[in-house]
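Remarks on the structure that follows.
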Amino acid sequence: MKIIRKTKSVCPVCIENLDADIIEEDNIAYMLKNCSKHGKFKILLSEDSQFYKEVTKFYMILAQLKPYKKHRLFYQLYLTYGCNLNCPICYTNANNVEYSNPSIEFIRKSIKNWKNVEIALFGGEPTTRDDLAHIIKCIENTGNIPVLVTNGIKISNLDYLKSIKSRRLFVLLQFDGFSNDVIRKLRGAELLEIRKRALNNLKKLNIPASLEVAVAKNVNEDQLGEILEFASNKGFIKIICYRASGFMGRKELHKQYTPTVNSLIEAIEKQTSGMISKRDVSNFQNLIYFLKMNFHFLPVYPCSSALQYLLFRDGNHFKPISEVINL
């Protein structure tokens, strides 16, 4: 066992602050921590410790830089904890939390001195708020960017989407695969046709969007490449975000379903026949960190556990950045 670095964490039972060690053992990276009440915990971080060290080395340097800490361009605003679904994987435990919804006046006062900040409208489901169109307009009128995070049910209605559309609106749409069996396991309902209508409406109104894919082991991890190919000829889809499902919130999907970042990238590499390789992803992170270190005003969000990669549309397909520059 070799210690990679020391860090801070919490007990997964009582949330007590704990010291922790990041270690490597048989080329696997783990976090070790010990709670006086609930004992020792060994958490898998990456099946490839070398890859883990490569994508965190420069990030740890970057995280210490004061200019990086001062420039925050993204905030989350929880509009409600009510929702029109009861997803088994909901990490906010929607519909079961007491919450005082922020008023438009509170929102306006909070953001009046901000400019060009992306404000993600979270929930629950933010479209359950009757005043969502006014909130979006308020954010835009203060010079900021409204980012709607939604399950797609309400925006599958074209008239509704028209009513909330604004010049700078960006939509993060849950899109977990092409099977209602998959979606039912993750979201508790059959939503495939609803999401297809939502995507068609976004296309009709030319609203830029991100596909937010909750990935669970042995549920939909085999559809990551198919989702990428699906988005290849849809110019309004700007981002695909593969998010590992976590054992938190309602906790109805057991932790055995949670993939690591490493396993997600390996699955993407396999399903794209190497077009997106783990090596190139690692190198691209270092490029992002280098740029952010030297040009801290750039609107990129380095994160050691949310890795990024850049693709270019090439007809009905993608071309990776590794074909454009030598990473």
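Number 357 marks the last residue of the sequence shown (our numbering); no jumps.
By construction, the Cβ of each residue, glycine as well, lies at the ideal position given by its N, Cα and C atoms.
Please read these numbers as outputs of a predicted model, since none were measured by experiment.
Rounded straight-line distance, which links the Cα of residue j to that of residue i
i: residue 336; j: residue 134; result: 31 Å
i: residue 283; j: residue 217; result: 11 Å
i: residue 110; j: residue 176; result: 16 Å
i: residue 222; j: residue 66; result: 46 Å
i: residue 356; j: residue 323; result: 20 Å
i: residue 78; j: residue 190; result: 46 Å
i: residue 263; j: residue 345; result: 7 Å
i: residue 80; j: residue 57; result: 7 Å
i: residue 213; j: residue 33; result: 40 Å
i: residue 315; j: residue 352; result: 12 Å
i: residue 265; j: residue 233; result: 8 Å
i: residue 197; j: residue 55; result: 51 Å
i: residue 200; j: residue 121; result: 22 Å
i: residue 295; j: residue 307; result: 8 Å
i: residue 130; j: residue 348; result: 44 Å
i: residue 164; j: residue 104; result: 20 Å
i: residue 185; j: residue 52; result: 43 Å
i: residue 341; j: residue 69; result: 44 Å
i: residue 132; j: residue 270; result: 29 Å
i: residue 61; j: residue 74; result: 7 Å
i: residue 172; j: residue 166; result: 10 Å
i: residue 118; j: residue 275; result: 11 Å
Proximity of residue i and residue j at Cβ, strictly below 8 Å
i: residue 280; j: residue 123; result: yes
i: residue 192; j: residue 237; result: no
i: residue 148; j: residue 312; result: no
i: residue 203; j: residue 239; result: yes
i: residue 224; j: residue 241; result: no
i: residue 59; j: residue 76; result: yes
i: residue 146; j: residue 174; result: yes
i: residue 152; j: residue 106; result: yes
i: residue 220; j: residue 181; result: no
Coarse secondary structure for residue i, derived from DSSP in three states
i: residue 54; result: strand
i: residue 176; result: strand
i: residue 64; result: strand
i: residue 37; result: strand
i: residue 315; result: helix
i: residue 236; result: coil
i: residue 32; result: strand
i: residue 119; result: coil
i: residue 267; result: strand
i: residue 127; result: coil
In DSSP terms, what residue i is bridged to
i: residue 138; result: The partner list for residue 138 (beta bridge, DSSP) is empty, contrary to what the question assumes.
i: residue 151; result: 107 and 178
i: residue 272; result: 243
i: residue 253; result: None; residue 253 has no bridge partner.
i: residue 347; result: 344
i: residue 70; result: 64
i: residue 201; result: 178 and 239
i: residue 48; result: 39
i: residue 59; result: 54 and 76
Minimum C-alpha distance to residue i - residue among the options
i: residue 287; options: 305, 249, 356 and 343; result: 249
i: residue 268; options: 343, 94, 91 and 209; result: 343
i: residue 128; options: 108, 338 and 207; result: 108
i: residue 49; options: 59, 247, 71 and 31; result: 71
i: residue 114; options: 55, 158 and 61; result: 158
i: residue 272; options: 278, 285 and 255; result: 255
i: residue 293; options: 43, 131 and 252; result: 252
i: residue 354; options: 332, 117, 320 and 310; result: 310
i: residue 179; options: 162, 215 and 188; result: 162
i: residue 333; options: 41, 86 and 160; result: 86
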